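Numbering-wise, the sequence shown is residues -20 to -1, 1 to 940 according to mature numbering (1 follows the signal peptide of the UniProt record, and there is no 0). Here's the structure, in structure tokens; my notes come after.
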Amino acid sequence: MRLTSWALLALPALLDGVAAVKQEDFKLCSQSSFCRRLRSIGQRQSAAPAHFTSPYSVGPPATTAGTIDHASWSWPVSSSLYPEISFELRVDILEKGDGIARIRMDEVNSQTPFRRYNETAKWALVDVNPPLASLADARLTSDAAKSTITYAKGLSIEIIHSPLKITQYRDGRPQVVFNERSLLHMEHFRQKQVEKVEEGASESEQMVLQAGEMDRSWFEEVDAEAFEERWKKWTDSKPKGPEALSIDLSFPGVEHVFGLPEHASPLSLPDTVGPNAHYTDPYRLFNVDIFEYLADSPMSLYGAIPLLHAHSAKSSVGVLNLVASDTWVDVLHDKQGTHTHWMSESGILDLLLLPGPKPQQLFEQFAILTGPTALPPQWSTAYHQCRWNYINEEDVLEVDRRFDETDIPLDVTWLDVEYSVDRRYFDWNPSHFPDVKRMLQKVADKGRKMVAIIDPHVKRSDSYRIYTDAKDLDILIKKPDGSNFEGWCWPGNSVWVDFFNPKSWDWWKKMFDFKVWTDSAPNLFIWNDMNEPSVFDGPEISVPRDTVHDGGWENRDVHNINGMLFHNATAQALIARETPAKRPFVLSRAYYTGSQRFGAIWTGDNMGDWEHFAGETAMLLSNNIAGMSFCGADVGGFFGDPSHEILVRWYQAGAFMPFFRAHAHIDTKRREPFLYDEPIRGYLRDAIRLRYQLLPVWYNAFHDASVSGAPIIKPQYAVFPEDPAGFAIDDQYYVGDSGILVKPVVVEGATKTDVYISDNQPYYDYFTHRLYPAKAKPHHLSLDTPLSTFPVLIQGGSIFPVRQRVRRSSPLMWQDPFTLIIALSKQGTASGQLYLDDGETFGHERGEFIWRSFDFSSTSKGGVLRSSDGASDQTEASDAVTPYGENNLWAKTIAHVKVERVVVLGLKNKPHGVSVAGQGVEWSWEDGAAAGGKKEGGSSKLVIKNPGLGVVESWEVRIE
């Protein structure tokens, strides 16, 4: 969120201005001893691949038929470098997910008291031990040279025993290869005084060894920093010594790999090594508070999801690497495919292979493992207004009033750190907010909400109840000597609650209870910032790695999980504060695999310039394919004073981000949309109102994400997985399954913008209804994009609902009628949906919702539009009500809501009549031929007015 130097804590210093990211505050791989050691293995392998042989091999499987009930096998693993050290390899075939395979390896029978961190799955997966396939579906055959597991839908895993290599096949084609380049290395526990590093060998002797033999010094370089590491003024005590893990994963025949959020990089990840390296350092996954991040860099940002998708026109496959420690990933493309080298500071090998074979299956498989995006409260999908800071009650209510005055809708106003006394979160500053409940009620009267920030750092003050409670409960993060860790953050001297400690969970819930936090209300929600965690005077602006969490685990083991637990704890607290419970909204900056279950995230401290703006679409798409769909970027940029042009373009783009929030740094000029003169204010208003008109489309997409794990915004390769020309495109996307294609204009002064079309279908301009006819081959469209507009196209074959009447907040629109937009395919067909629930409670989990499927089909006499039940077999709860049945109170509540208009684009001929249940209804017609017909020009448009169609009912509209 903010500046990361503790020296700039004082507000006067902040007002002096800001500077670019201080790269020297964060390590390069060469400055990290474990990354330096493990990356050198890859460098030596690349220099002499023919002489590089993995020292790891497996013995006969411990069982040859799996366990009695489960498809689970294990093998002993040994290393020729350290024959006295024992490891174990385990493979499980999961029942769910069309054959997800789990591969684990750990050191066993260690002669030291240490153990590797093996609990990442506990936090990341929704079920630590998912049901496994029956032995009838998964079989193991083994001989002296290899073991082979065959299982679902043509899948198999081949384990070569010596040297160890594991390959997943589909129908005989290799999909993923583990240890193909022999980079597997699991540093074993050892005592410093017995470690000896070979010395005296010449460079040529180290690089080329006769007969492929290796000594330890050539494969593994262990220096003094493996046991204690100094960086700048900090010393990492490393009580367990070296415990890093290196693995290589190759994807044969694959040109594109996606994932590893969060990075400011292209969606299709470019090389970090080799002759075509785009970056010189690996992609790093280590949650940090990074100030003004670079617009194109593999540097760490605020979140870490160790997931890769490898995609080709033939198939897709995914790999989830369940490691929570500092991790670096090298990427290399060559003629054989794509190769990746993962280097982690600690943890066990715990890989989940997602078999695909298409992107949609990868999304579903990931959601099976880690949970889908939680269905958020409906209002949170609308527009949010934030800055650091709205200074008092008068300021908040003036902003609220000015939105109404200028006819701009608003759902949420946010408060940053200045609302509190001395950054003592929960404690409002009485001189600025003398009557909090009065302010919250005035906002609530318009259907609006507020969000206040609560960061994880706790001011160390005996007069602060949060601190004294946490200290008395003994739930604070510890130093290695067992005392409470202290560091510097916004309140000054601070401590941090250890949310790995179960004792913290119920306590944190109580802090949000309305009886405890009396200056709160049901329309106040939460922003968790700085939860990497950020420590201004700590190494890399975070806690030291040898700080200790519950269970004795060091922060080095669990670092990337830390922010997710804080996020989770706050979400659970908001759920617990009301009966019946309502859906929480909590925005988090830090996140990990599984964070999508708890709320939204944003991309942090971006700059208000064209370069950062242009890169954000790729960042949002990368998060979406990795399950973190409810995401956005600060509209206008957090830093800087954007020009009118870039601000307009940012609002147009923001209207099509899953999370739509404007936010700005304390040094920036005020830039609320109502402050601008026309026509700029009108352009900003149009973008925000467009979001509100399309809120039913967004809620459909959020619902799909909550059911199947589908991205809310989808990159080109996910929608058209067989079109190679679209695989690397990361500047345009589709919104859910609506058929809406968006391309933000991110080039200064652009009056023309090209959009890529993969499919042989017509497209229609959302604003003008201009028709772009279907073409047999993929092609580009060149669209006029003056500042007043931007590319929003409708794919032929789509139906989606909109609400044309925009009110001052979205909850006030719940009874408004719908318009159905129908864009016909070249075959004259279309389909879509409408999902509705109360938008606040968990009633939808009991079947309290409306879910309609719409289908348009052509007939010899015209066409038929049908509404049918889209909800059959969608609820699994034993107490679920039958959708539309007597117990569905929501269906009864909304039964009076109608479809007031149907707009059909692309009909070939003017109809003779339109009827519903045999009765004619009013309609109008615009002939597309007059505007160009089949050429690029206006589409025909049939508008059916007041057809009397209930959103709850099944019905037919006949066009003759």
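Ideal placement from N, C-alpha and C gives every residue a C-beta, glycine not left out. Because the structure is a prediction, the values reported are computed rather than measured.
For residue i, three-class secondary structure by DSSP
| i | result |
| --- | --- |
| Val106 | coil |
| Leu792 | helix |
| His289 | strand |
| Leu816 | strand |
| Pro232 | strand |
| His529 | coil |
| Asp5 | helix |
| residue 980 | For the chain, the structure presents residues -20 to 940; residue 980 sits outside this window and is missing. |
| Asn603 | helix |
| Gly908 | helix |
| Tyr282 | coil |
| Asn464 | strand |
| Glu520 | helix |
| Tyr363 | strand |
| Lys490 | helix |
| Lys495 | coil |
| Gln775 | strand |
| His539 | helix |
| Tyr572 | strand |
| Lys213 | coil |
Rounded separation between residue i and residue j - CA only
| i | j | result |
| --- | --- | --- |
| Gly716 | His759 | 22 Å |
| Met323 | Thr147 | 20 Å |
| Val297 | Gly233 | 12 Å |
| Arg70 | Trp53 | 6 Å |
| Lys649 | Asp621 | 6 Å |
| Asp647 | Asn369 | 10 Å |
| Val722 | Asp530 | 46 Å |
| Ser230 | Phe707 | 19 Å |
| His592 | Leu274 | 8 Å |
| Gly893 | Leu887 | 13 Å |
| Lys212 | Ser10 | 14 Å |
| Leu601 | Thr350 | 18 Å |
| Arg651 | His412 | 22 Å |
| Gly152 | Thr765 | 49 Å |
| Pro410 | Pro471 | 17 Å |
Supposed contact pair residue j and residue i - C-beta distance, whole angstroms, cut 8 Å
| i | j | result |
| --- | --- | --- |
| Tyr363 | Phe610 | Tyr363 to Phe610, Cβ: 15 Å. No contact. |
| residue 943 | Ile457 | The first residue shown for the chain is -20 and the last is 940, placing residue 943 beyond what the model contains. |
| Thr320 | Val237 | 7 Å |
| Asp835 | Ser934 | Contact flag wrong, Cβ pair sits at about 12 Å. |
| Asn267 | His539 | 6 Å |
| Leu225 | Leu329 | 6 Å |
| Ala871 | Tyr572 | Going by Cβ atoms, the distance from Ala871 to Tyr572 rounds to 38 Å, so no, they are not a contact pair. |
Residue i - partner residues in DSSP beta bridges
| i | result |
| --- | --- |
| His683 | BP columns for His683 are empty, so no partner. |
| Pro781 | Leu800 |
| residue 989 | The question about residue 989 has no answer, for the chain in this structure spans -20 to 940. |
| Arg669 | Answer is none; Arg669 lacks a bridge partner. |
| Ala580 | Leu567 |
| Trp903 | Ile924 |
| Gln148 | Ile137 and Val156 |
| Tyr36 | Ser59 |
| Ala432 | Leu395 and Ile506 |
| Asp330 | Arg84 |
| Cys611 | Ile581 |
| residue 946 | The shown model of the chain, from -20 to 940, leaves out residue 946, and the question about it has no answer. |
| Leu312 | His319 |
| Asn473 | Trp468 |
| Asp835 | Ser811 and Arg846 |
| Ala244 | Ser277 |
Any non-hydrogen atom of the ligand ATP closer than 7 Å to residue i Cβ
| i | result |
| --- | --- |
| Ile801 | Judged by which ligands are present, the structure shown has none, so any question about the ligand ATP falls away. |
Practice prompt. Decide yes or no for the touch test of the region 250 to 259 against the region 539 to 552: beta carbon pairs closer than 8 Å, at least 3 of them.
Written response: no
Worksheet item: Are there three or more Cβ pairs, one per stretch, closer than 8 Å when the region 876 to 888 is compared with the region 921 to 934?
Response: yes
Worksheet entry | Cβ contact check for the region 667 to 687 and the region 725 to 735: 3 or more pairs under 8 Å | no
Item to complete: Could you say if the region 691 to 699 and the region 565 to 575 meet the contact criterion of at least three C-beta pairs nearer than 8 Å?
Response: no
Discussion item. Count Cβ pairs between the region 118 to 127 and the region 97 to 104 that sit closer than 8 Å; are there 3 or more?
Written reply: no
Practice prompt. Count the C-beta pairs between the region 23 to 39 and the region 336 to 349 that are closer than 8 Å, then say yes if the count reaches three, no if not.
Written response: no
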